[in-house]
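In the numbering used here, the protein residues as written are 1 to 329.
We put the CB at the ideal spot given by N, CA and C, even for glycine.
These numbers come from a predicted model, not from an experiment.
Right, one structure below, let's go through it.
Below you can see the structure in the form of structure tokens.
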């Protein structure tokens, strides 16, 4: 048998064994750790495959090109004063997957991306002064893909700002001289008074350097148990997996923030990103009260136009009769 086929067969057997375990048992046994790297125990997808990427970009038919002429460049203007004055919990969608979460007098900033990505057109340039943004107490990084871990944006926030990341990424933060960092494995938590931030598993992967290859660092979702009494799930980039019900058992979730974007074509994206129907399914399984979708509008990372995700998620929520639980933007 060919070595690659043998490796794939062994990996499928391993995934089958893992699927019989609960998430916490899986994490406790460190079954997502492998030979100094990490593996996605929920998928046999071959991540970082250059030939699949080239097949998509060069040979796959794009069924959405006719809609691109409707894409508009819209500047992002945020008045931060009402956010600063708000008591309790407030969530602000900044750009792409970047979200500012106010929890009482603390500010948590998820996956800050303020600028363009040099290989993608930016449809939502920021036009507010970053100096007017509330002072960030904690930066939360979900994984290392460049549209989520952006070094120029992190530099703006200052090297003394506390950063919470999954395991790994030492070289990135060493270069930034950002040493005030907490690294978490799955189900590890960081506590700040009555506030608790837990890293949860998700069905994804990460890579920054193709020469090093995928998954030399970890990835994850965050569950924020706020000091304000509000609980927020930051799902991060993820493909669908059948463990969302388990995640929903951690606590009553007030708001689930799911990344919705870069989901077409399905043959290429299904192993990395949820589509609208899967997002609604996952939302219902975690039993959150409300849904906010991000990861759309700024960069066309998949075939679908940047303005499609909010329209399509609304249609899916209407099908389920729960559109009143969708946070409209």
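Bridge-paired residues (DSSP) for residue i
{"i": "residue 307", "result": "Bridge partners of residue 307: none, in fact."}
{"i": "residue 101", "result": "91 and 108"}
{"i": "residue 234", "result": "222 and 257"}
{"i": "residue 239", "result": "203"}
{"i": "residue 181", "result": "163"}
{"i": "residue 326", "result": "291"}
{"i": "residue 38", "result": "33"}
{"i": "residue 174", "result": "Answer is none; residue 174 lacks a bridge partner."}
{"i": "residue 189", "result": "198"}
DSSP-derived helix/strand/coil call for residue i
{"i": "residue 76", "result": "strand"}
{"i": "residue 217", "result": "coil"}
{"i": "residue 82", "result": "helix"}
{"i": "residue 244", "result": "helix"}
{"i": "residue 2", "result": "With a pLDDT of 49 at residue 2, under the threshold of 50, the modelled position of that residue is not reliable, and the figure given next carries that caveat. Three-state DSSP puts residue 2 in coil, outside helix and strand."}
{"i": "residue 33", "result": "strand"}
{"i": "residue 195", "result": "strand"}
{"i": "residue 13", "result": "Here the model assigns residue 13 a pLDDT of 48, short of 50, so the residue's position is not dependable, and the following value carries that caveat. In this structure, residue 13 counts as helix in the three-state DSSP scheme."}
{"i": "residue 153", "result": "helix"}
{"i": "residue 60", "result": "coil"}
{"i": "residue 68", "result": "helix"}
{"i": "residue 123", "result": "coil"}
{"i": "residue 54", "result": "helix"}
{"i": "residue 274", "result": "coil"}
{"i": "residue 318", "result": "helix"}
{"i": "residue 141", "result": "coil"}
{"i": "residue 7", "result": "With a pLDDT of only 47 at residue 7, under the threshold of 50, the placement of this residue in the model should not be trusted; the figure read from the coordinates follows. Correct three-state label for residue 7: helix."}
{"i": "residue 313", "result": "helix"}
{"i": "residue 113", "result": "coil"}
Residue from the options whose Cα sits closest to the Cα of residue i
{"i": "residue 25", "options": "135, 319, 246 and 37", "result": "246"}
{"i": "residue 57", "options": "269, 291, 308 and 279", "result": "269"}
{"i": "residue 64", "options": "181, 329, 301 and 314", "result": "301"}
{"i": "residue 181", "options": "248, 212, 191 and 163", "result": "163"}
{"i": "residue 170", "options": "53, 149 and 156", "result": "149"}
{"i": "residue 199", "options": "223, 178, 173 and 191", "result": "223"}
{"i": "residue 409", "options": "328, 43, 279 and 329", "result": "Residue 409 is absent from the model: the chain starts at 1 and stops at 329."}
{"i": "residue 73", "options": "179, 143 and 297", "result": "297"}
{"i": "residue 261", "options": "326, 28 and 313", "result": "313"}
{"i": "residue 197", "options": "142, 43 and 22", "result": "142"}
{"i": "residue 37", "options": "190, 266, 195 and 166", "result": "166"}
{"i": "residue 130", "options": "121, 119 and 115", "result": "115"}
{"i": "residue 195", "options": "105, 34, 70 and 122", "result": "105"}
Per-residue burial, residue i [other beta carbons within 10 Å of its own, 16 or more giving buried]
{"i": "residue 305", "result": "buried"}
{"i": "residue 210", "result": "exposed"}
{"i": "residue 102", "result": "buried"}
{"i": "residue 334", "result": "A question about residue 334 goes unanswered here, because the residues of the chain that appear run from 1 up to 329."}
{"i": "residue 212", "result": "exposed"}
{"i": "residue 225", "result": "buried"}
{"i": "residue 1", "result": "Its pLDDT being 46, under 50, residue 1 is placed unreliably in this model, and the value from its coordinates should be taken loosely. It counts as exposed."}
{"i": "residue 111", "result": "buried"}
{"i": "residue 317", "result": "buried"}
{"i": "residue 184", "result": "buried"}
{"i": "residue 311", "result": "exposed"}
{"i": "residue 144", "result": "buried"}
{"i": "residue 240", "result": "buried"}
{"i": "residue 23", "result": "buried"}
{"i": "residue 173", "result": "buried"}
{"i": "residue 59", "result": "exposed"}
{"i": "residue 186", "result": "buried"}
{"i": "residue 53", "result": "exposed"}
Contact set for residue i: own chain, Cβ-Cβ below 7 Å, skip 5 residues either direction
{"i": "residue 117", "result": "146, 147 and 299"}
{"i": "residue 68", "result": "305"}
{"i": "residue 252", "result": "231"}
{"i": "residue 90", "result": "83 and 102"}
{"i": "residue 264", "result": "64, 302, 303 and 304"}
{"i": "residue 168", "result": "216, 217 and 218"}
{"i": "residue 86", "result": "102"}
{"i": "residue 176", "result": "151, 154, 155 and 159"}
{"i": "residue 283", "result": "256, 258 and 291"}
{"i": "residue 286", "result": "233, 244, 247, 248, 253 and 256"}
{"i": "residue 45", "result": "271"}
{"i": "residue 39", "result": "32 and 215"}
Close beta carbons around residue i, own chain, < 6 Å, minus the five adjacent residues each side
{"i": "residue 5", "result": "Residue confidence for residue 5 is low, a pLDDT of 47 falling below 50, so the modelled location carries little weight; the figure read from the coordinates is stated next. Counting only Cβ-Cβ distances below 6 Å, and skipping sequence neighbours, we find nothing."}
{"i": "residue 324", "result": "none"}
{"i": "residue 254", "result": "230, 231 and 289"}
{"i": "residue 109", "result": "100, 136 and 139"}
{"i": "residue 88", "result": "228"}
{"i": "residue 120", "result": "299"}
Other residues of its chain near residue i: CB distance less than 8 Å, five sequence neighbours each side excluded
{"i": "residue 214", "result": "47, 48, 205, 206 and 207"}
{"i": "residue 259", "result": "97, 235, 236, 237, 238, 273, 274, 293, 294 and 295"}
{"i": "residue 134", "result": "80, 83, 84, 100, 102 and 107"}
{"i": "residue 76", "result": "94, 95, 124, 125, 126, 127 and 128"}
{"i": "residue 221", "result": "142, 199, 200, 201, 202, 233, 234, 235, 236, 238 and 247"}
{"i": "residue 50", "result": "210"}
{"i": "residue 29", "result": "21"}
Closer than 7 Å: residue i CB and nearest the ligand NAP heavy atom
{"i": "residue 266", "result": "For the ligand NAP, the structure offers nothing, since it holds no ligand at all."}
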